[in-house]
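Numbering (UniProt numbering), first residue to last: 1 to 282.
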């Protein structure tokens with residue numbers, strides 16, 4: 001019952017914040033009632049953004065029901081979702097929400113200059129076909145993907161030099177990853193994926209990350225695959241720069257360790273042709 005009520009709260013907060021932004025813009029809404037329900041196949045508390053997916057889907061339903069999709073900038077929709085989750089006490093960032101709003105493959109630039117001036121990052125959709133095969137690894141036992149953010153966030157706000165320098169390197173890694181994708185350099189991509197996890201481990205520490213999550217990374221690396229967390233929960237994304245035979249080795253190693261592994265499918269962008277143009281013009 002607690003889980004059910006929490007997820008109803010996600011629906012409510014999403015509706016509340018989307019209404020707030022609509023009213024702030026002076027957009028008139030038509031009357032009428034509706035019934036809102038949900039179903040999900042996203043594993044719970046596995047760092048796969050299951051809660052924000054519910055909020056994002058709710059927001060999309062409301063935009064279509066009230067026929068205001070063309071009036072709400074694409075770039076601010078992730079902020080609406082994040083605001084709803086923050087109201088519920090969930091510590092999170094914008095990245096997952098951007099991916100869910102845009103769909104497909106997105107390069108995200110969260111430079112301070114953009115955030116201060118625009119209130120959001122610069123988001124550039126990319127062609128998902130440039131991605132190498134990716135593999136999702138997760139454990140059946142869930143974990144809390146929100147609490148591990150807390151200490152690092154505070155240290156960042158307090159000006160901790162290790163956290164700040166590490167986050168600056170994470171930003172640079174995102175750029176390197178984009179270049180590796182465009183150049184179809186899977187070996188370079190594997191390097192930056194591994195470095196991403198190494199930096200997270202340095203910042204958070206093994207106790208916060210948990211031995212189970214670390215073991216998923218270690219199993220992937222044991223066959224030469226590159227791996228990093230999908231978020232802060234119990235899931236890992238891996239790539240095999242050496243090709244199909246290495247991917248088979250990865251599947252065998254994960255199954256022996258008791259982890260679930262399956263190939264990830266990255267769908268194309270959810271946005272209509274008009275939506276990015278609306279976002280750019282407002």
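Quick reminder that beta carbons are idealized off the backbone N, C-alpha and C, glycines included.
Please check the pair residue i and residue j, which I expect to be a contact at CB under 8 Å, by giving their CB distance rounded to whole angstroms.
| i | j | result |
| --- | --- | --- |
| residue 123 | residue 75 | 6 Å |
| residue 239 | residue 186 | 7 Å |
| residue 262 | residue 136 | 6 Å |
| residue 102 | residue 43 | Between residue 43 and residue 102 the Cβ distance is about 22 Å, and since that is not below 8 Å, they are no contact. |
| residue 40 | residue 50 | 6 Å |
| residue 217 | residue 197 | 6 Å |
| residue 251 | residue 224 | The Cβ separation is near 14 Å, so there is no contact. |
| residue 265 | residue 131 | So it is not a contact: roughly 10 Å between Cβ atoms. |
CA-CA distance, residue i and residue j?
| i | j | result |
| --- | --- | --- |
| residue 144 | residue 80 | Its pLDDT being 49, under 50, residue 144 is placed unreliably by the model, and the measurement read from it follows with that caveat. So the two alpha carbons sit approximately 22 Å from each other. |
| residue 56 | residue 128 | 21 Å |
| residue 97 | residue 78 | 5 Å |
| residue 227 | residue 99 | 19 Å |
| residue 151 | residue 204 | 8 Å |
| residue 175 | residue 32 | 46 Å |
| residue 121 | residue 93 | 12 Å |
| residue 220 | residue 157 | 33 Å |
| residue 190 | residue 65 | 43 Å |
| residue 237 | residue 215 | 13 Å |
| residue 146 | residue 257 | A caution first: residue 146 carries a pLDDT of 46, below 50, which makes its placement in the model too unreliable to give a value. |
| residue 73 | residue 117 | 16 Å |
Between the options, which lies nearest to residue i when the distance is taken from Cα to Cα?
| i | options | result |
| --- | --- | --- |
| residue 201 | 167, 181, 188, 109 | 167 |
| residue 169 | 222, 178, 195 | 195 |
| residue 83 | 214, 71, 119, 228 | 119 |
| residue 235 | 253, 222, 259, 242 | 259 |
| residue 90 | 64, 198, 131, 45 | 45 |
| residue 62 | 85, 37, 86 | 37 |
| residue 210 | 190, 232, 224, 221 | 232 |
| residue 111 | 171, 126, 140 | 171 |
| residue 222 | 93, 173, 156, 248 | 248 |
| residue 275 | 114, 125, 244, 165 | 125 |
| residue 85 | 54, 179, 270 | 54 |
| residue 255 | 95, 68, 159, 140 | 140 |
From which residue to which residue does the alpha helix (DSSP H) around residue i run?
| i | result |
| --- | --- |
| residue 190 | 186-204 |
| residue 217 | 211-222 |
Which term fits residue i, buried or exposed, when burial requires 16 or more other beta carbons within 10 angstroms of its beta carbon?
| i | result |
| --- | --- |
| residue 181 | buried |
| residue 213 | buried |
| residue 59 | buried |
| residue 272 | exposed |
| residue 153 | exposed |
| residue 229 | buried |
| residue 192 | buried |
| residue 268 | exposed |
| residue 52 | buried |
| residue 162 | exposed |
| residue 164 | exposed |
Would you give the residue range spanned by the beta strand (DSSP E) that residue i belongs to?
| i | result |
| --- | --- |
| residue 65 | Taken as a continuous stretch (DSSP letters only), residue 65 belongs to no beta strand (DSSP E), being part of the alpha helix (DSSP H) at 50-65. |
| residue 256 | Element bounds for residue 256: not the beta strand (DSSP E) but the alpha helix (DSSP H), 244-256. |
| residue 123 | 122-126 |
| residue 236 | 235-239 |
| residue 134 | 134-138 |
| residue 105 | 105-109 |
| residue 227 | 226-229 |
| residue 260 | 260-263 |
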